[in-house]
Amino acid sequence: MNKKININLVCGCGHTGSTIISRVIGEHSKIYFPKYETNTFLLYNHFHHQRLVKKLYNECIKSKKKQILEKTNRHIWHIDYIRREYKNVKFILTTRKSKDVIASLYKRYKKDKNAIEIAIRKYSDDSLCTIRQIDKSDTHLIRYEDFIKNKEKTMKDVFKFLNLKYENEIFDFYKNKISWNSQTKIIKTDGVGELKHDLLRNWQVNQKIFKNKKKWKEIIPKKYWKLVNSFQENKGKKIMKELGY
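Here it is in structure tokens:
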């Protein structure tokens, strides 16, 4: 790895605001931000991650930036390995209130008959992976609600962690249109299924920051409310406490 260029990985449970948070951070003048999830450290890339990291470094050098910001949520499962293999890496971890995440995941997977179980398990497992990392000096946790409530303070804390000067211009990101995950159409969809999910993400990262006003009960059918509440009263409550809620 190029010791003069730091690589910063945004990861954590999906649907916790990681994409829009990455979009804002990635607008910094010193940061090279690939507009897609590289999946560099996922298992199917085990024998290729060195080549993929080198590619990121070459792209960063070509762009004349000083740091790399890459966002792949599932890297949360591989932080221990990444830390062993690479030295100058920092991790920005994202989280969000449990019921909101579960509702958003359910909406994405609702074509699957086991969508609610998938959503609960994914939130639980990915959040527990996050909890295992938050006390490390190379990690920085962002709660989505804190970001929405006070974007400037959240970003100042991030750039202090990254040893970069804060730039208020990052919040003008939406003026610089991008194609996220190779999606060229900026259209709002219901986010159901992988294609519509990518289209929705591309629409979101090209808009001003906004708060989703829909409550979890408006998304998850009533027949699943008891299951969601049961999870929250047991494991969910413990997870959220560990994450600072």
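Per our numbering, the sequence shown starts with residue 18, numbered consecutively.
Positions of the beta carbon are idealized from the N, C-alpha and C atoms, including for glycine.
Inter-residue spacing [alpha-carbon to alpha-carbon] between residue i and residue j
{"i": "residue 103", "j": "residue 247", "result": "40 Å"}
{"i": "residue 126", "j": "residue 174", "result": "34 Å"}
{"i": "residue 244", "j": "residue 253", "result": "12 Å"}
{"i": "residue 73", "j": "residue 87", "result": "9 Å"}
{"i": "residue 61", "j": "residue 91", "result": "12 Å"}
{"i": "residue 242", "j": "residue 134", "result": "12 Å"}
{"i": "residue 120", "j": "residue 139", "result": "12 Å"}
{"i": "residue 235", "j": "residue 70", "result": "42 Å"}
{"i": "residue 256", "j": "residue 153", "result": "17 Å"}
{"i": "residue 148", "j": "residue 118", "result": "16 Å"}
{"i": "residue 142", "j": "residue 26", "result": "19 Å"}
{"i": "residue 132", "j": "residue 41", "result": "30 Å"}
{"i": "residue 193", "j": "residue 258", "result": "37 Å"}
Contact check, residue i vs residue j, beta carbons under 8 Å
{"i": "residue 158", "j": "residue 112", "result": "yes"}
{"i": "residue 43", "j": "residue 35", "result": "no"}
{"i": "residue 110", "j": "residue 150", "result": "yes"}
{"i": "residue 224", "j": "residue 191", "result": "yes"}
{"i": "residue 215", "j": "residue 198", "result": "yes"}
{"i": "residue 209", "j": "residue 130", "result": "no"}
{"i": "residue 75", "j": "residue 24", "result": "no"}
{"i": "residue 249", "j": "residue 115", "result": "yes"}
{"i": "residue 45", "j": "residue 181", "result": "yes"}
{"i": "residue 85", "j": "residue 49", "result": "yes"}
Beta-carbon separation (whole angstroms), residue i vs residue j, contact threshold 8 Å
{"i": "residue 290", "j": "residue 83", "result": "Here the chain covers residues 18 to 262 and nothing more, so residue 290 does not appear."}
{"i": "residue 37", "j": "residue 226", "result": "7 Å"}
{"i": "residue 187", "j": "residue 172", "result": "6 Å"}
{"i": "residue 144", "j": "residue 59", "result": "In fact, because the Cβ distance is near 19 Å, the residues do not count as touching under 8 Å."}
{"i": "residue 99", "j": "residue 146", "result": "With 8 Å as the limit, residue 99 and residue 146 do not qualify as a contact, their Cβ atoms being about 13 Å apart."}
{"i": "residue 66", "j": "residue 122", "result": "At roughly 27 Å, the Cβ-Cβ gap does not stay under 8 Å, so residue 66 and residue 122 are not in contact."}
Near the ligand MN: residue i beta-carbon under 7 Å from a heavy atom
{"i": "residue 119", "result": "What this structure holds is no ligand at all, so the ligand MN is not there to describe."}
Touching by the beta-carbon criterion (3+ pairs, under 8 Å), the segment 49-63 and the segment 160-169:
no
Inside the segment 27-56 only - alpha helix (DSSP H) runs reaching at least 4 residues:
35-42
Ordered list of beta strand (DSSP E) runs contained in the segment 95-126, each at least 3 residues
106-112
Threshold first: 4 residues or longer. Then list the alpha helix (DSSP H) segments lying entirely within the segment 145-172, N to C.
161-166
Can you find at least 3 beta carbon pairs, one from the segment 193-208 and one from the segment 218-228, that sit closer than 8 Å?
yes
My parser needs the alpha helix (DSSP H) runs of 4 or more residues fully inside the segment 216-247; what are they?
233-236
Any beta strand (DSSP E) of 3 or more consecutive residues that is wholly inside the segment 62-90:
84-88
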